[in-house]
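Okay, so here's the structure we're looking at.
Protein chains: 2
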Amino acid sequence: MIRVGIMGYGNLGRGIECALKQNQDMELVAVFTRRDPSTVTILTDGVKVYHADEASKMKDEIDVLILCGGSATDLPEQTKEYTKYFNVVDSFDTHARIPEHFANVDEVAKANGNIAIISAGWDPGMFSLNRLYASAVLPQGKDYTFWGKGVSQGHSDAIRRIEGVADAKQYTVPVDAALDAVRSGSNPDLTTREKHTRECFVVAKEGADLAKIEAEIKNMPNYFADYDTTVTFITAEELKRDHSGIPHGGFVIRSGNTGWNEENKHIIEYSLKLDSNPEFTASVIVAYARAAYRMKQEGATGCKTVFDIAPAYMSALSGEELRKSML
Amino acid sequence: MIRVGIMGYGNLGRGIECALKQNQDMELVAVFTRRDPSTVTILTDGVKVYHADEASKMKDEIDVLILCGGSATDLPEQTKEYTKYFNVVDSFDTHARIPEHFANVDEVAKANGNIAIISAGWDPGMFSLNRLYASAVLPQGKDYTFWGKGVSQGHSDAIRRIEGVADAKQYTVPVDAALDAVRSGSNPDLTTREKHTRECFVVAKEGADLAKIEAEIKNMPNYFADYDTTVTFITAEELKRDHSGIPHGGFVIRSGNTGWNEENKHIIEYSLKLDSNPEFTASVIVAYARAAYRMKQEGATGCKTVFDIAPAYMSALSGEELRKSML
Numbered sequence: 001m002i003r004v005g006i007m008g009y010g011n012l013g014r015g016i017e018c019a020l021k022q023n024q025d026m027e028l029v030a031v032f033t034r035r036d037p038s039t040v041t042i043l044t045d046g047v048k049v050y051h052a053d054e055a056s057k058m059k060d061e062i063d064v065l066i067l068c069g070g071s072a073t074d075l076p077e078q079t080k081e082y083t084k085y086f087n088v089v090d091s092f093d094t095h096a097r098i099p100e101h102f103a104n105v106d107e108v109a110k111a112n113g114n115i116a117i118i119s120a121g122w123d124p125g126m127f128s129l130n131r132l133y134a135s136a137v138l139p140q141g142k143d144y145t146f147w148g149k150g151v152s153q154g155h156s157d158a159i160r161r162i163e164g165v166a167d168a169k170q171y172t173v174p175v176d177a178a179l180d181a182v183r184s185g186s187n188p189d190l191t192t193r194e195k196h197t198r199e200c201f202v203v204a205k206e207g208a209d210l211a212k213i214e215a216e217i218k219n220m221p222n223y224f225a226d227y228d229t230t231v232t233f234i235t236a237e238e239l240k241r242d243h244s245g246i247p248h249g250g251f252v253i254r255s256g257n258t259g260w261n262e263e264n265k266h267i268i269e270y271s272l273k274l275d276s277n278p279e280f281t282a283s284v285i286v287a288y289a290r291a292a293y294r295m296k297q298e299g300a301t302g303c304k305t306v307f308d309i310a311p312a313y314m315s316a317l318s319g320e321e322l323r324k325s326m327l
Numbered sequence: 001m002i003r004v005g006i007m008g009y010g011n012l013g014r015g016i017e018c019a020l021k022q023n024q025d026m027e028l029v030a031v032f033t034r035r036d037p038s039t040v041t042i043l044t045d046g047v048k049v050y051h052a053d054e055a056s057k058m059k060d061e062i063d064v065l066i067l068c069g070g071s072a073t074d075l076p077e078q079t080k081e082y083t084k085y086f087n088v089v090d091s092f093d094t095h096a097r098i099p100e101h102f103a104n105v106d107e108v109a110k111a112n113g114n115i116a117i118i119s120a121g122w123d124p125g126m127f128s129l130n131r132l133y134a135s136a137v138l139p140q141g142k143d144y145t146f147w148g149k150g151v152s153q154g155h156s157d158a159i160r161r162i163e164g165v166a167d168a169k170q171y172t173v174p175v176d177a178a179l180d181a182v183r184s185g186s187n188p189d190l191t192t193r194e195k196h197t198r199e200c201f202v203v204a205k206e207g208a209d210l211a212k213i214e215a216e217i218k219n220m221p222n223y224f225a226d227y228d229t230t231v232t233f234i235t236a237e238e239l240k241r242d243h244s245g246i247p248h249g250g251f252v253i254r255s256g257n258t259g260w261n262e263e264n265k266h267i268i269e270y271s272l273k274l275d276s277n278p279e280f281t282a283s284v285i286v287a288y289a290r291a292a293y294r295m296k297q298e299g300a301t302g303c304k305t306v307f308d309i310a311p312a313y314m315s316a317l318s319g320e321e322l323r324k325s326m327l
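Protein sequence lines, in the order shown, are assigned to chains A and B. When the letters of the first sequence are read in order and numbered with the working numbering, they come out as residues 1 to 327. When the letters of the second sequence are read in order and numbered with the working numbering, they come out as residues 1 to 327.
So this is what it looks like as structure tokens:
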């Protein structure tokens, strides 16, 4: 049994707990929180919730600690810190800061003889893998990543900060015409606006100026100004009824050519359609927790990403079973 | 520069030659053939064609030998034999015999300190990878593989052996309704007949009994009897004009559930749409030739499949570049 701890019990932590239940070779042994542990109720019978400060004392009882904090401020500190004591997996997803995070974590992991897998999830994660495989196989080609249809937490939060907004949910939606153009193999150059639209469902406070809210959303730099954005005002009840899920997904497509004169065209497409973004992310992380455990058993140490991990490490099946059933 | 040799110069061998041209860190150094070398003309200037018997003498001039023989009789012997002298990659695709092939090749590879990557291509190969990744991430779920639309060489050959047939081309076609059912997440149980149809384009010899040919195709056990099969008689000119390509492709879809009560549904889909089956297969093999070279440099030996190879080994980019640009 691979003994797993969860650091942080929000949507992602709960997703990890659910994923562990589906993996018979792994067991949850502890959940850690920065809140008062007595206020946190988890789903698994017989497993205790501890304060985060207690984690390092349990280093010998946990094979892999899964870090479920946010990428903005939590993980840059937490992953470095806990890699001193544990093999860890995180889902650090600030793409631009991955090289820095990798370097920081790698140093600690090597110094302490642990494995730290960073940026596991679906983007970064499964999407990254597909970008790599596709570009290695078709070096003459072009990559496209589309996201959605799905909820962007960051964009929803940005709307909620506007004066007069009580609540909001924002969906990122890939543009069908752009997807079709990519799939045709025409290697189009697509602007930000051509690739995705943004759909906003907003609950306004009583007496708020709706036209002003709408204008403020549509003109918000970085978040909305470069997109075709629609704003729909709904009631709090409608928001709850129709928009309480956290779906997401997207597409990684590579279009490339082969042949002595590049006369043959090929399209590689990978897509995800997810009812629950955090639960799917958690499922990827748990498979990589198995990989972390096994690589450590074989004597490997240091920081790893999905690029560095042979796929077989992620499966509960043996090499022999995999070759027989899946190759 | 990674120095590559090609053993066997048919469609696949030529595809390898074309793929090497697109990879700046690799160079073709020799082509080997069982034919009289003077009768074989290749595309690359300045590279010599040798008889297959000469290969072992060139062991110090070749980093990876790519084996382009057939799976029925060539590769079971060739891969074992050449692994004595070279790191090799093959595309052995008789799924049921992979465990046996692996065991045979592994022994020789270890005894001689070489890396042998077997069953590289797209199925087995990229499709296998996607079956593994998806099932590791979504253990509660179901896998589906569809092939096509594409030319099946084996089925085309089977038709050509029928009395009165001058030439033929067979396409395997996935059934849209089955694909849609799988994508809906309903986890349907699908029969062979429900998943694929078979389209046959046949050139009959003069005076042949067309009705008899059609019946013989449709009732052929294993090949056609379990499928809805259409037979269309065309002229030799039409066959040449409309059916001389070797397209293929297909879909690997996993539908699975997460959540404490498995209440959330997820669909992972990987698809290929290929103008040239042999050239795409060759492109996958060449990326794995790079992996073979690098793993050998790091001291690894033995037989490997796509499951055992960290994705980063396949890319010409460094780990640092990959993390920066693709993660």
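Note that the Cβ used here is the ideal one computed from N, Cα and C, for glycine as well.
Check                                                                                                                                                                              : Outcome
Distance check for P311 of chain A and S152 of chain B, CA to CA, integer angstroms please.                                                                                        : 29 Å
Suppose the cutoff is 6 Å on Cβ atoms and the five residues either side in sequence are ignored; what does the same chain contact list for K273 of chain A look like?              : G249
For the segment 117 to 131 of chain A and the segment 218 to 236 of chain A, state whether three or more C-beta atom pairs, one from each stretch, are separated by less than 8 Å. : no
In or out: D143 of chain B buried (at least 16 other Cβ within 10 Å) or exposed?                                                                                                   : buried
Helix, strand or coil for A136 of chain A, going by three-state DSSP, please let me know.                                                                                          : helix
What residues of chain A sit near Q22 of chain B, judged by a beta carbon separation below 7 Å?                                                                                    : P139 and Q140
Could you check the C-alpha separation between L327 of chain B and V105 of chain B for me, to the nearest Å?                                                                       : 34 Å
Thinking just about the alpha-carbon of each residue, which of A:P188, A:I42, A:R161 and A:L75 is nearest to the one in V89 of chain A?                                            : A:L75
Less than 8 Å between CB atoms is the rule here; does M1 of chain B satisfy it with respect to chain A?                                                                            : no
Contact defined as beta carbons within less than 8 Å: I believe V49 of chain A pairs with T83 of chain A. What is the distance between those atoms, to the nearest angstrom?       : Not confirmed; about 22 Å, so no contact.
Mapping DSSP to helix, strand and coil, what is H243 of chain B?                                                                                                                   : coil
Is the segment 6 to 15 of chain A close to the segment 36 to 53 of chain A, with three or more CB pairs under 8 Å?                                                                 : yes
Express the C-alpha separation of Q78 of chain A and E237 of chain A in angstroms, rounding to a whole number.                                                                     : 38 Å
Apart from the five residues just before and just after K205 of chain B, which ones in its own chain have a Cβ nearer than 8 Å to its Cβ?                                          : G164, V165 and A166
If you measure from the beta carbon of S315 of chain A to each beta carbon in chain B, is any gap under 8 Å?                                                                       : yes
Looking only at DSSP bridge pairs, what is G207 of chain A linked to?                                                                                                              : Answer is none; G207 of chain A lacks a bridge partner.
For I98 of chain B, name the three-state secondary structure that DSSP assigns.                                                                                                    : helix
Enumerated in chain order, which unbroken segments of the alpha helix (DSSP H) with a length of 4 residues or greater are wholly contained in the segment 69 to 128 of chain B?    : 74 to 82 and 98 to 112
Can you check DSSP and say which residues form a bridge with P174 of chain B?                                                                                                      : B:H196
Looking only at C-alpha atoms, which of A:Y227, A:D63 and A:W122 sits nearest to A292 of chain A?                                                                                  : A:D63
Hey, is K265 of chain A's beta-carbon within less than 8 Å of any beta-carbon in chain B?                                                                                          : yes
May I ask you to list the residues that DSSP assigns as paired with K142 of chain A?                                                                                               : A:S255
For N187 of chain B, does the three-state DSSP call read helix, strand or coil?                                                                                                    : coil
Is there a Cβ from chain B that is less than 8 Å from the Cβ of H95 of chain A?                                                                                                    : yes
So G5 of chain A and C68 of chain A are in contact, right, with Cβ under 8 Å, and what is the actual spacing, rounded?                                                             : With a Cβ gap of about 10 Å, G5 of chain A and C68 of chain A do not count as contacting.
Name, please, each residue of chain A whose Cβ falls closer than 7 Å to the Cβ of Y171 of chain B.                                                                                 : Correct list: empty, because the minimum Cβ distance to chain A is about 17 Å.
Per DSSP, which one or two residues make a beta bridge with Y270 of chain A?                                                                                                       : A:V252 and B:Y270
May I ask which residues mark the beginning and end of the alpha helix (DSSP H) holding K21 of chain B?                                                                            : N11 to K21
Determine the closest residue to E262 of chain B out of A:G15, A:I2, A:R3 and A:G185, with distance taken between C-alpha atoms.                                                   : A:G15
Pick out whichever of B:E17, B:E269, B:I98 and B:A111 has its Cα sitting closest to the Cα of S135 of chain B.                                                                     : B:E269
Mind checking S186 of chain B: buried by the 16 CB within 10 Å criterion, or exposed?                                                                                              : exposed
With distances taken Cα to Cα, identify the nearest neighbour of M126 of chain B among B:V306, B:E214, B:S56 and B:S318.                                                           : B:V306
When the Cα atoms are used, what is the spatial distance from P399 of chain A to A289 of chain B?                                                                                  : Here chain A has residues from 1 to 327 only, and residue 399 of chain A is not among them.
What does R323 of chain A touch in chain B if you count any residue whose Cβ is under 8 Å from its own?                                                                            : I98, P99, F102, T305 and F307
What do you reckon, are the CB atoms on A52 of chain B and R34 of chain B nearer than 8 Å?                                                                                         : yes
Near N264 of chain A, which residues of its chain fall below 8 Å by C-beta distance, leaving aside the five closest residues on each side in sequence?                             : N257 and T258
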